[in-house]
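Structure first, then comments.
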DNA sequence: ATTCTGACA
DNA sequence: TGTCAGAA
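Numbering (our numbering), first residue to last: 22 to 140.
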């Protein structure tokens with residue numbers, strides 16, 4: 022099944038300009054009809070969803086592009102894609118450690134104030 | 001009515 | 001990311 026950019030936009034909760042931007046950044050390859058209009062496929066849905074998940078982890082567009090380009094090259098690039106994901110996992114874990122620390126600092130400061138007010 | 005490209009906030 | 005113009 023194919024979808025116009027308007028339909029696909031509603032399906033993915035991404036605006037049409039954002040979808041065009043992702044295409045320009047080579048995150049997704051989009052086919053065109055005879056009138057040069059974009060059409061997205063059913064398979065594109067899962068792919069876009071995964072891109073959104075990568076974005077949610079803070080992966081920059083440039084890195085997602087690297088991954089996407091490899092993906093479009095087929096199964097021969099699976100090892101390299103795995104390496105990208107494993108590396109990014111390390112980055113995310115570091116970010117998590119940073120926020121765990123930030124949260125701790127905040128909680129400690131809150132305790133100080135609470136003890137002050139009890140007096 | 002909908003989408004396209006390019007330019008710009 | 002979003003918005004606007006002018007064309008298809």
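Positions of the beta carbon are idealized from the N, C-alpha and C atoms, including for glycine.
Residues that residue i bridges to, as DSSP identifies them
{"i": "residue 24", "result": "61"}
{"i": "residue 53", "result": "59"}
Cβ neighbour criterion (16 or more within 10 Å) applied to residue i
{"i": "residue 93", "result": "exposed"}
{"i": "residue 118", "result": "exposed"}
{"i": "residue 63", "result": "exposed"}
{"i": "residue 80", "result": "buried"}
{"i": "residue 104", "result": "exposed"}
Distance between residue j and residue i (C-alpha atoms, nearest Å)
{"i": "residue 72", "j": "residue 41", "result": "14 angstroms"}
{"i": "residue 127", "j": "residue 114", "result": "20 angstroms"}
{"i": "residue 39", "j": "residue 100", "result": "29 angstroms"}
{"i": "residue 67", "j": "residue 125", "result": "37 angstroms"}
{"i": "residue 123", "j": "residue 107", "result": "25 angstroms"}
{"i": "residue 140", "j": "residue 116", "result": "37 angstroms"}
{"i": "residue 54", "j": "residue 131", "result": "60 angstroms"}
{"i": "residue 60", "j": "residue 121", "result": "43 angstroms"}
{"i": "residue 57", "j": "residue 88", "result": "27 angstroms"}
{"i": "residue 91", "j": "residue 97", "result": "9 angstroms"}
Cβ separation of residue i and residue j, assumed to be a contact under 8 angstroms, to the nearest whole Å
{"i": "residue 85", "j": "residue 32", "result": "Incorrect: roughly 20 angstroms between the Cβ atoms, too far for contact."}
{"i": "residue 69", "j": "residue 35", "result": "7 angstroms"}
Return the chain-ordered ranges of every alpha helix (DSSP H) run that is complete within the segment 67–136 and spans a minimum of 4 residues.
-> 82–93
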